Amino acid sequence: MRVAPTVPVETAATVTLGLLVAILVLVPLAAVVFGAAREASAFSVRPLLTVLGSATIISNTLVVGVGATLLAVAAGAALALMLARIRTPGRTLLSRLVTLPLYITPLLTAIAWSWLGSPRGGLINLFARQTFGIDSLVNLHTPGGVIFVSALSYVPLPFLLIGAALRGMDPSLEESARVHGASTLVSLRLVTLPLVLPAILGSGLLVFVQAVGLFSVPAVLGMPSGFQVAGTEIYRLLNNYPPRVSQAAAWGLLLLVATAALVWLQARLLRRRSYVTVTGKAFRPRVLDIGPVRWLLAAIAWAYVCAAVVLPVGTLVWAALVQFITVDPNLMTFDLRHFRYVLFEYPKTYLALRNSVLLGALSAAGVCALGLAISWVIVRTRSWMRPWLDQLSMVPLAMPSMVLALGLLWAYVGLKALPIYGTIWILLIAYVTHYLPFGVRSGSAALRQLHAELEDAARMAGANWTRTMRWIVLPLTWPTLIATWTLLFILAMQEVSSSILLYTSRTTVLSVAVFDLWEAGNVNALAALSVTQLAITFVALAVLFRARDQAVPA
Amino acid sequence: MTDTFVAVEKLVVSYGPVVAVDGVEFRVDRGEQVTLLGPSGCGKTTTLRAIAGLETPIGGRIVIDGVSVADAAVHRHVPPERRGLSMVFQSYAIWPHMTVFDNVGFSFRVRGVRREAARAAVERALSLVDLTGFADRPATMLSGGQQQRVALARALACDAKVVLLDEPLSNLDAQLRIAMRDDLAELRRRLGFTAIYVTHDQEEAFALSDRIIVMRAGRIEQQGTPSEIHAAPRTRFVAGFLGMKNILAADIAAVATGQVEARLAPDILLRARDPWPNGMVPASAGIGFRPVDVEVAPDGDGVEGVITRALYLGDVTHYTIRSGPIEITAHAGPRAEFAEGGRVRWRVPPERCLLLRE
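So the protein sequences, as listed, match chains B and U.
Using this note's numbering, read the first sequence as starting at 9 and increasing by one per residue.
Using this note's numbering, read the second sequence as starting at 133 and increasing by one per residue.
Here is the structure:
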C-alpha cells in the first residue's frame with residue numbers, strides 16, 4: 009500500500025493560486041503607493057502635495073464621478089423597475105437592448121456624441137441652424153456633457169444588478185405587505201426598496217470606481233474646452249516630456265483612497281443586512297399593470313436605447329460611409345473608401361487588430377481559468393485561504409483600470425528580471441487583473457449550481473482530483489465558461505483606460521488606434537475603424553446570446 | 133472470533149470550531165451491514181464521509197481491510213480514490229453530462245479499462261437494479277427512482293470493499309422509498325456485500341441492518357442488533373428516537389436484579405424491567421413503554437385514569453389517558469371502545485415497561 013502524499017494536489021494548487029492572485033493584485037497596488045511617495049529616487053511628499061493642490065481637477069473628477077454615478081444608477085434603477093416589474097410594452101426586447109451599451113466602449117459613444125453635440129460643428133447644432141435658424145442648441149463639450157455621456161455608458165450595470173435583485177425577490181414579501189394594508193407605492197418604498205438597496209449601493213460603487221478613473225469620455229468631450237479630470241491628467245503627466253510618473257502615481261493613490269473609502273462606507277451601510285430574502289432562486293415576479301402610462305414608460309426606455317445605442321452607432325456608421333461630414337443632403341455621397349483605407353492602407357490597423365484579438369482571447373481564457381480555480385477553492389474547500397482569496401480577487405473592482413495600469417507601469421518598467429514592460433504581456437497582466445472579479449463571480453455561480461456530491465462521487469469511483477476536474481467539473485461548467493469567455497473577449501477587445509498607458513507602437517490595440525485617429529482628426533477613418541471594431545463585437549455578442557439561449561433549458 | 137473488516141477508532145472530525153464527530157468507535161465485520169442511525173446533525177454522515185476519505189479527521193484512526201487509511205496521529209490520509217470503496221449519495225450525484233452506461237462504468241474508465249471490456253460488468257450491475265436496456269439513456273432522462281438505482285448500480289459495479297450509503301432513500305417519495313428499501317434488502321441478501329448505511333429513518337434501519345449504531349451529538353449512544361435495540365433501548369434518547377411514545381420521569385427503587393419499581397406520581401407505581409442491569413440503579417430516571425403495550429380496561433387492578441382524547445383511526449384507536457399529573461398514550465384495537473371523558477384502568481406488563489437511563 010502506498011502512503012498518501014503529505015501535500016495533496018489541492019493544497020499545492022491552493023497555495024500557488026494564492027501567490028498568483030497576490031502578485032497580480034498587490035504588486036500594482038503597492039507600486040502606486042510606493043511611486044506616489046517618491047521623487048528623483050528619494051522619499052518625498054511633494055508629488056502628493058502638488059496633486060492635493062490641484063483643487064480644480066479634484067473637484068472636476070468628483071463632479072463627474074458623483075454626477076455620472078447618480079444619473080446612471082437612477083436611470084438603471086428606473087429601467088429595471090420598468091422592465092422587470094411593470095407591464096411595459098416590448099419589455100423582453102427592451103431588456104436586451106438596454107444592456108447593449110455594456111458592449112460599446114465609452115470612447116466610441118463619446119466620439120459619436122461629440123460629433124452630434126459639439127457647440128459649433130455638432131450635427132445637431134448644424135441641423136438646428138439650417139432648419140430653425142437656432143444657434144448652439146446643445147453643447148456637450150461641458151461638464152454636463154461628460155456626465156451625460158458617461159452615464160449613458162454605465163446605465164447597464166445598475167440595470168442588470170438591480171434587475172437581478174428585483175427578479176430574485178420572493179414576490180410573497182410584497183404581497184404580504186399589500187395584504188397588510190400597504191398601497192403599491194408604500195410597499196415599494198417599505199419592502200422592495202430596502203431589499204434591493206444592496207444592489208443599488210453595489211452597482212453605484214462599481215459605476216463610481218469606473219467614472220472617477222474615467223479617461224476616454226473626458227478626453228473626448230472635456231479636453232477641447234480645457235476641462236480636466238484625474239484620468240486625463242494622469243495621461244497628460246505621462247505623455248508630456250519628461251513624464252511625471254510620481255505625480256501620476258499620486259493621482260492614482262488619491263483615486264484609490266477615494267474608492268477604498270467608498271467600499272468601506274458601503275460595507276458599513278450593509279453591515280446589518282442579511283440577504284437571505286434575495287435568493288438565487290427564480291421567482292415569477294409580480295408584474296404591475298399601470299394603464300396607458302405604460303406607453304410613456306416604453307417611450308422613455310426607447311429614448312435611452314436611442315441615445316446610448318442607435319444614435320452613436322448610427323452616427324459612426326454614417327460617418328464611415330459618407331465621403332465627408334456634412335448636413336447638406338445634396339453633398340452626401342456614400343462609398344466604402346474609408347473602410348478600404350483603414351482596412352488595407354492604414355498601417356496600424358493590422359497590428360492593432362491582431363493584438364486586440366490576441367489579447368482579448370488570451371485574457372478572457374486566463375480569467376476564466378483563474379476564476380474557476382479560485383472559485384473552486386472558495387466554494388469547495390475549507391482552506392484557511394478562502395476568505396483571503398475571495399477578498400483579494402475582488403480588489404480590482406475597486407481599482408480604476410488606469411490606476412491598475414499605472415501600478416503595473418511603476419512595478420515593471422525597470423524590472424530587468426522580468427522584462428515585460430513594452431510587451432504584450434504587461435497588457436495581458438493588466439486585462440487579467442482587471443477582469444479577474446468577473447471570472448471569480450461567474451465561476452462561483454457555476455460551481456454553486458453543481459452539487460458537491462457530483463465531485464465526491466467521482467472521487468469515490470476512483471478518479472483523482474485532476475481527473476475529477478477534467479471529467480466532471482469542466483464539462484459541467486463549460487457553458488458558463490464559454491459565455492464568460494465571450495463576454496470578457498468583447499470587453500477586453502475594447503479596453504481603453506489601461507491600454508492607453510501601457511501600449512507601445514508594437515503593442516498598440518484597436519481602441520488606442522481609434523484614439524490616435526481621433527487625436528489626428530481623421531474623422532472618417534476613425535468612424536470606419538470603430539465600425540469594424542463594433543462589427544467584431546456584435547458578431548461575438550450574437551454568439552454569446554445564442555449560447556445563453558441554448559444554455560437555459562439545461 | 134469476529135472478522136473485523138472496517139475499524140473506526142476514537143474518530144474526531146471538526147468543522148472549524150464545531151466538533152461534528154467526537155470519539156466515535158465501532159467495527160464492521162466482513163459481509164455485515166451496519167447502520168448509523170440518528171437525527172440530523174448527530175454526526176452520522178460526517179462519520180461516513182470520514183470513512184470515505186471525503187473528510188479529514190483531526191483525531192483517531194480508520195482501518196479498512198487491515199490497511200490504515202486515516203490516522204490523525206501520523207497525519208495519514210489516503211485520498212478517497214485509493215481506498216477501494218464505493219458510495220451512494222443522498223443527491224444520487226448522477227453526472228448529468230453522461231449516459232447511464234458512462235455513469236455506471238466510470239470507475240472502469242478511471243482505471244483505464246476499455247469500454248468494451250467494461251460492458252459486461254456494467255450490464256450486470258444494471259440488471260441487478262432492474263435497469264437492463266437503460267445503458268445508452270442520457271442520465272438526465274431518468275426519474276428520481278431510476279437515478280437512485282443508477283447510483284446504486286454505479287456503487288455495485290466496481291466490486292468495492294465496502295459500499296457506503298448516505299441516506300440513499302431520503303429523496304424518494306414515501307411509496308417508492310418503501311419499495312426501494314425492500315429491493316435493497318433483497319439485493320444485499322443475495323450479494324452479501326459489506327455496507328455502512330446512514331439514515332434517520334428507524335424503519336429503514338431495522339429493515340436493512342445486521343447491526344444498528346444510534347448516534348447523538350457526535351457520539352455513539354447505543355449499538356446492537358435491530359431486535360436488541362428495539363427491545364431494550366438504553367437511554368431516553370434512543371427510546372424517544374425509536375418512537376417510544378410514553379417516556380416518563382420516575383423515582384426508581386430496585387426490587388431484584390433487572391427489576392425495579394418506578395413511582396410516577398405519589399399514588400402511581402409501575403413495575404419495570406432494567407434491560408441493562410449493571411448493579412447501579414439510578415434513583416431518578418425515566419421509564420418508557422410503547423402505546424401498543426398499554427392494556428386498557430373498564431375496570432380491574434390497573435392505574436386509574438380518564439380518557440381525555442380518543443382518535444379513531446379504523447384499525448386502531450389512539451387514546452390519551454390522564455392519571456393525576458401524568459398523561460400517557462395507548463393504542464387499542466378496534467374492539468375496545470372507550471368514550472372521551474370515560475374512566476378506565478390501564479396497566480403495562482412489567483417486561484414491556486423499561487427503565488431508561490439519561
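Beta carbons: idealized from backbone N, C-alpha and C, even for Gly.
As the structure is a prediction and not an experimental result, all values here were calculated from the model.
Which residues, taken in chain order from the segment 476-505 of chain B, show a beta carbon closer than 9 Å to some beta carbon of chain U?
Contacts with chain U (Cβ-Cβ distance below 9 Å) from the segment 476-505 of chain B involve Thr476, Trp479, Ile480, Pro483, Leu484 and Trp486, listed in chain order.
To the nearest angstrom, how far is the alpha carbon of Val504/B from that of Leu435/B?
The alpha-carbon atoms of Val504/B and Leu435/B are separated by roughly 11 Å.
Length of the line joining the Cα atoms of Arg477/U and Val426/U:
Approximately 10 Å between the Cα atoms of the pair.
Please classify Glu527/B as buried or exposed, where buried requires at least 16 other C-beta atoms within 10 Å of its C-beta.
Exposed, by the Cβ-count rule.
Does DSSP put Ala235/B in a helix, a strand or coil?
Checking the sequence, you will find Phe at residue 235/B rather than Ala. In this structure, Phe235/B counts as coil in the three-state DSSP scheme.
Supposed close pair Val215/B, Ala76/B - CB separation, criterion 8 Å
Confirmed, Cβ separation roughly 7 Å.
DSSP on Phe470/U, reduced to helix/strand/coil?
If DSSP states are grouped into helix, strand and coil, Phe470/U belongs with coil.
DSSP beta-bridge partners for Gly356/U?
Answer is Ile344/U.
So, is Gln502/B buried or exposed, given that buried needs 16 or more other C-beta atoms within 10 angstroms?
Buried: at least 16 other Cβ atoms inside 10 Å.
By DSSP, does His346/B sit in helix, in strand, or in coil?
The answer is helix: DSSP assigns His346/B an H, G or I state.
Expressed to the nearest angstrom, what Euclidean distance is found between the alpha-carbon atoms of Ile480/B and Arg449/B?
Their backbone Cα atoms lie some 20 Å apart in a straight line.
Is Tyr444/U buried or exposed, if buried means 16 or more other CB atoms sit within 10 Å of its CB?
So Tyr444/U ends up on the exposed side.
Should the segment 461-469 of chain B be regarded as contacting the segment 363-371 of chain B, the criterion being three or more beta carbon pairs within less than 8 Å?
Taking 8 Å as the limit for Cβ pairs, the verdict is that the segment 363-371 of chain B does not touch the segment 461-469 of chain B.
Using a Cβ-Cβ cut-off of 7 Å, state whether Leu462/B counts as contacting chain C.
The chain inventory of the structure shown lacks chain C, comprising the protein chains B and U.
So, helix, strand or coil for Gln307/U, using DSSP?
Taken through DSSP and simplified to helix, strand or coil, Gln307/U comes out as helix.
Distance between beta carbons of Val160/U and Gly350/U, contact taken as under 8 Å:
Not confirmed; about 19 Å, so no contact.
Rounding to the nearest angstrom, what Cα-Cα distance links Arg395/U and Arg348/U in this structure?
Between the C-alpha atoms of Arg395/U and Arg348/U there is a straight-line separation of about 28 Å.
If you draw a straight line from the alpha carbon of Arg348/B to that of Leu110/B, how long is it in whole angstroms?
Rounded to the nearest angstrom, the two C-alpha atoms are 28 Å apart.
How about Ile190/U and Ala204/U: do their beta carbons lie closer than 7 Å?
For Ile190/U and Ala204/U, yes; Cβs fall inside 7 Å.
Is the CB of His332/U under 7 Å away from at least one CB in chain B?
No - not a single Cβ of chain B is within 7 Å of the one on His332/U.
At the level of alpha carbons, what is the spacing between Asp433/U and Glu469/U?
So the alpha carbons of these two residues sit roughly 19 Å apart.
Using a threshold of 7 Å, state whether the C-beta atoms of Arg366/U and Glu483/U are closer than that.
No, these two residues do not count as a Cβ contact at 7 Å.
7 Å is my cut-off, CB to CB: does Met219/U come that close to chain B?
At least one C-beta of chain B is nearer than 7 Å to the C-beta of Met219/U.
Taking only runs that begin and end inside the segment 111-163 of chain B, name each unbroken beta strand (DSSP E) of 3 or more residues, in chain order.
Those beta strand (DSSP E) runs which fall completely within the segment 111-163 of chain B and span 3+ residues do not exist here.
Need the endpoints of the beta strand (DSSP E) that Asn248/B sits in, please.
Going by DSSP, Asn248/B is part of no beta strand (DSSP E) at all; its letter is neither H nor E.
Which of helix, strand or coil does DSSP assign to Gln334/U?
Three-state result, Gln334/U: helix.
Among Ser401/B, Thr100/B, Thr515/B and Ala535/B, the one whose alpha carbon lies nearest that of Val325/B:
Comparing Cα positions, the closest option is Ala535/B.
Check the Cβ-Cβ distances between Met4/B and every residue of chain U, and say whether any is below 7 Å.
The structure shown has nothing for residue 4/B, since chain B only spans 9 to 562.
Can you give me the Cβ contacts of Arg302/B inside the same chain, cut-off strictly under 7 Å, excluding the 5 residues immediately before and after it?
Same-chain partners within the cutoff: Ile94, Arg95, Thr96 and Pro97.
Using a Cβ-Cβ cutoff of 8 Å, what residues of the segment 434-465 of chain B are near chain U? List them in chain order.
Answer in chain order: His459, Glu461, Leu462, Asp464 and Ala465.
Mark Arg294/B as exposed unless 16 or more other C-beta atoms lie within 10 angstroms of its C-beta, in which case mark it buried.
Taking all protein chains shown into account, Arg294/B has fewer than 16 neighbouring C-beta atoms within 10 Å of its C-beta and is therefore exposed.
Ala548/B vs Phe497/B beta-carbon contact at 7 Å
A contact, by the Cβ cut-off of 7 Å.
So with CB distances below 8 Å, who are the chain U contacts of Asn472/B?
Here the neighbours are Pro211 and Glu213.
Just the Cα atoms here: how many angstroms apart are Asp557/B and Pro164/B?
Whole-angstrom Cα-Cα distance: 20 Å.
Alpha carbon to alpha carbon, how far is Gly163/U from Pro228/U? Give it in angstroms, no decimals.
For Pro228/U and Gly163/U, the distance between alpha carbons rounds to 32 Å.
Residues within the segment 230-241 of chain U neighbouring chain B, beta-carbon criterion of under 7 Å
Residues Phe238 and Ser239.
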